[in-house]
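Protein chains in written order, with the numbering used here: chain A, 9 to 570; chain B, 9 to 570. By construction, the Cβ of each residue, glycine as well, lies at the ideal position given by its N, Cα and C atoms. Since the model is a prediction, treat every value here as computed from it, not as a measurement. A short write-up of the structure that comes next.
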Ligand SMILES: NC(=O)c1ccc[n+]([C@@H]2O[C@H](COP(=O)([O-])OP(=O)(O)OC[C@H]3O[C@@H](n4cnc5c(N)ncnc54)[C@H](O)[C@@H]3O)[C@@H](O)[C@H]2O)c1
Ligand SMILES: NC(=O)c1ccc[n+]([C@@H]2O[C@H](COP(=O)([O-])OP(=O)(O)OC[C@H]3O[C@@H](n4cnc5c(N)ncnc54)[C@H](O)[C@@H]3O)[C@@H](O)[C@H]2O)c1
């Protein structure tokens, strides 16, 4: 099936902009410029889908077109299963994807159900209609590498002169070369699928393609020596690349990976096969595929560990490759290199900061540029943010609906959080006609208070509550109570079935008072969950944040008052 | 700590009745007449607690007393962790208990966290403040046995002349003897804890206590022969009882069990120890305790299977004893006897029917009697319901706040479901002063559309989606969207950690228009989830129900229209 992407402009097909926003975001997810395999409804991240089947997709579209302003549509693993009367301040769409009862919460049972068409993998933003292409992850990757540089090379100009080696140039991983060069460094990224490398080069995320490793290393060393940002996609298996580097005695400054290792069957490619051969093997003999895939993964992790031993800075980049190898190959040392969240991101989560983002439903880039100005106007003192906006305008091409990502948090001014202030300002600009059509505000599921994921976002929590999933559930309920227009809860995502639970929200800024009311509440409660979750776990940054911004932490407040 | 139970009467301590209702229901849960071990905050079902600690309890009480009419309190595994501004139509309290990320979703990890005070077992209605004592389960047990009698003894007067053998006279299990005699049968129930038997006798749920099995069997046979309802609590281990019955060549008509087998450490008692000895062993050497407990459980299941072979009707009564023995003792035949839901309850779930219940916040039994009349007035044609109300008035003593349970469903009249009609009628009676104070309406987590539990409520679903947990999550979100006053999501419950996910809701009927609005919506969407969940799974009763009552089932509706 050929697919065109999202409707744009100021005329709507639905009864209101809230429903229209859901429709456009769903379609934007499947825009050929945004999604990895739109013809199969696959958006990104292995098999992360926007709808369970084309039949389900068509029915969702029909339902959204007719959905009233006080009705709520229910979507269960990508399929519309109900529609009920609720009220104006309630969400218009509620979504639950890929969730399984604990004991059955694994790939095996999931794949059984999937084969019968009874469940769908929602990944993080695929099934919640919030994916905006590689531009969505770019700031997160940029922030992570910037934090790494600050910590390990405090006197360096970012990553200038440093070589970062990684794998995977898919929907998310494709952001890596650009994020490295934005930090002035040099990147070598292995990718088995040549088309993916070409795509990153077309969109300016990556600069050169080769299939010769010696050439890649030479070019990288040259650029690093000259202090020039540069990026190279190397067409080979990432595990093989690391093994060969070790043989050649080459040790990069930083090593990480974003192949889809979370899914050993449909995400990761075993060594020794072309993509076509491997795809054939998967079809013919999935068991052998999985065995080979896990064996390659083990070599892959061993390569990372050996490079770490020889002096490289190593971190896992959220694809659960450590967990996979520990679980299935009994490699005890798998977790001897850290995940990126405890290493670089958690301090931001403590302040309620995370990948806040918005998309212009008009389809007009000028609308996003107006919001860029709004960010700069609202936060005149934040140099980093200004630098980010400039870099993004220059180097990040729009995909599908024009969008912007900005890591904003809870910190309040006049009782309004950073996120709320910006959302209210955008809502005013829509009301005043300075922005041509409503803007939808959402975020990644990887956010301060929205996720339990022991191998990633909640790895190594101070109090050991990594696996406690009450928090994302409360987050989803609270988003619903606060009046988000779409609320979703997913199992799995980037780390695979049974390894995480996480949520999302959308608020449609159509310039109305209702939108302002929803935005003020949702963008207080949602980052607020990040603050209380980390305060409860004993993080001082979060506790200070709560104290300074009047966030209620009942047990702490009461015991202090006494 | 000594504990008094719920405040009653028409004066309130909180800012409004919604908050007051939460406070009274929490306290009612811990009423010594209602809870099993209130001094430890344990309400029922092994270690099902109302709050994580007394410190947490005190803080919840303080928070509820001060909670505004547009604020929402967050409770995470029995501990208050946040308070945010929402709006009037949103819930006042959101609760998530015992939830763990899939891979860690097991007793072992739970107990580790519990030992550090970082999580709490919420059971089903304990942690959601909806437990009302044994009276809460009585109608469910009564309905199940009535369905059994209809199926297996169609020409008999219920269970008259039949002997039912079971185990466990705890919070839930204690309802069994009375439910049997209400169906005119004879019950022998094994219970290791003599105090529990005494308690059932005091409250009229059980008639006689003995510790001699021959006596018990003789008395039972005599009563059965005379067609007299009778109930006997036998003070012994249930596994031993079945083994001895087999030796003696005695085969009852029906065999089941409600010991707390879902929790091998803190719920079930191993044979060969008194309660005191076993409690000491648990403290001293939990590993040995668990080993002995599981060994007894295996003998217990073998006893049930052997009795079934010899002609008894056997069913599991929702304590996961089959799952426990299959998992931990590799007994392949464990599931050779059915669970009670597929056997007797599912057809009711297809119609959105489930254990709807309400409590009079005044504490005045007259208020419940007024609601009893309302049930009869509203449903003049439902003989079964009238009979139930009469039996309940006669034989079910109130515990804590006077309450009533009535299995009602989705069936509509003038667009209002059974549940909505009754709730709206009660709300009017409160408004008119015919009922002296507000009434809170809630239900069990075991309900038509609120639970995924492959060994119990969703065992053997027609399409094999037993473990799909999207449904309870959508149910909780929708309850929230519809404006329930308390919404909760729990893992575990009656079948143990990792074996189920389920939700609850409360709506406070204070006579206001807001209450009417909330009740109309919640009591449509909530049973409605039961209808769509079962329609989606292919149950014709549910599909007919949807067609006849205008419940949207989008994919089905669309494909039929074409
Ligand atoms: N850190 C984060 O914030 C974050 C965010 C999103 C996703 N992720 C995770 O990162 C991973 C990548 O996500 P994505 O959206 O880019 O996935 P994707 O499936 O779109 O892309 C994965 C890419 O890896 C390539 N690949 C697979 N195995 C390979 C191998 N052995 N050697 C070389 N290339 C190989 C594939 O050809 C594909 O292009 C996933 O596991 C995802 O869950 C992390
Ligand atoms: N079917 C349902 O609808 C339903 C509803 C609620 C609870 N349950 C399940 O039923 C079980 C009982 O619930 P409860 O609230 O009564 O629990 P409880 O912990 O209050 O009572 C359990 C009783 O069983 C006794 N017991 C334990 N092991 C025994 C043994 N081997 N022999 C004899 N007696 C033994 C204990 O002394 C205790 O009195 C639980 O597993 C619960 O999860 C089922």
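Sub-8 Å separation of residue i and residue j beta-carbons
i              : j              : result
residue 51(A)  : residue 81(A)  : no
residue 4(B)   : residue 411(B) : Nothing can be reported for residue 4(B): it is not among the residues displayed for chain B, which extend from 9 to 570.
residue 257(B) : residue 268(B) : no
residue 92(B)  : residue 532(A) : yes
residue 476(B) : residue 108(A) : yes
residue 29(A)  : residue 516(A) : yes
residue 308(A) : residue 247(A) : yes
residue 509(A) : residue 499(A) : yes
residue 189(B) : residue 237(B) : yes
residue 544(B) : residue 438(A) : no
residue 2(A)   : residue 228(A) : Since the first residue shown for chain A is 9 and the last is 570, residue 2(A) is missing from the structure and cannot be characterised.
residue 313(A) : residue 345(A) : yes
residue 456(B) : residue 535(B) : yes
Cβ of residue i within 8 Å of any chain A Cβ
i              : result
residue 432(B) : no
residue 270(B) : no
residue 64(B)  : yes
residue 520(B) : no
residue 102(B) : yes
residue 95(B)  : yes
residue 145(B) : no
residue 563(B) : yes
residue 461(B) : yes
residue 99(B)  : yes
residue 450(B) : no
residue 107(B) : yes
Beta carbon proximity, residue i to chain B, threshold 8 Å
i              : result
residue 227(A) : no
residue 560(A) : yes
residue 469(A) : no
residue 499(A) : yes
residue 245(A) : no
residue 566(A) : yes
residue 311(A) : no
residue 472(A) : yes
Cβ-Cβ separation, residue j to residue i (assumed contact under 8 Å), whole Å
i              : j              : result
residue 493(B) : residue 26(B)  : 5 Å
residue 578(B) : residue 415(B) : The question about residue 578(B) has no answer here: the residues shown for chain B are numbered 9 through 570.
residue 408(B) : residue 141(B) : 6 Å
residue 244(A) : residue 200(A) : 7 Å
residue 331(B) : residue 114(B) : Not quite, the Cβ-Cβ distance comes to about 12 Å (not below 8 Å), so this is no contact.
residue 529(B) : residue 490(B) : 4 Å
Residues from the stretch 319-344 of chain B in contact with chain A, defined by Cβ distance under 9 Å: Close to chain A, meaning a Cβ-Cβ distance shorter than 9 Å, are the following residues of the stretch 319-344 of chain B: 331 and 335.
Members of the stretch 67-92 of chain B that neighbour chain A once the beta carbon cut-off is set at 7 Å: Hits within the stretch, in order: 67, 70, 71, 80, 82, 84, 85, 87, 88, 89, 90, 91 and 92.
Which of the residues in the stretch 109-136 of chain A, read from start to end, lie with their CB under 9 Å from any CB of chain B? Cβ contacts with chain B come from 109, 110, 111, 112, 113, 114, 117, 120, 121, 124, 126 and 127.
Output needed in chain order: residues of the stretch 394-411 of chain A with a Cβ under 8 Å from some Cβ in chain B. If the cut-off is 8 Å between Cβ atoms, the stretch 394-411 of chain A has nothing near chain B.
What are the residues in the stretch 475-497 of chain B lying within 8 Å of chain A by C-beta distance? Cβ contacts with chain A: 475, 476, 477, 478, 479, 481, 482, 484, 485, 486, 488, 489, 490, 491, 495 and 497.
Which residues, taken in chain order from the stretch 350-378 of chain B, show a beta carbon closer than 8 Å to some beta carbon of chain A? Listed by position along the chain: nothing, the set is empty.
To be precise: take each residue of the stretch 180-193 of chain B, compare its Cβ to all Cβ atoms of chain A, and keep it if any distance is under 8 Å. Which residues remain? Going along the stretch 180-193 of chain B in chain order, one finds no residue with a Cβ nearer than 8 Å to chain A.
What are the residues in the stretch 505-518 of chain A lying within 8 Å of chain B by C-beta distance? Answer in chain order: 505, 506, 507, 508 and 509.
Cβ-based contacts, 9 Å cut-off: residues of the stretch 545-557 of chain A near chain B: Answer set for the stretch 545-557 of chain A: empty.
Between the stretch 417-446 of chain B and chain A, which residues of the former have a C-beta closer than 9 Å to a C-beta of the latter? Against chain A - using a Cβ distance shorter than 9 Å - the stretch 417-446 of chain B contributes no residues.
Give the residues from the stretch 526-539 of chain B that approach chain A closer than 8 Å (Cβ to any Cβ), ordered along the chain. Taking 8 Å as the Cβ-Cβ cut-off against chain A, the residues of the stretch 526-539 of chain B that qualify are 529, 532, 533, 536 and 537.
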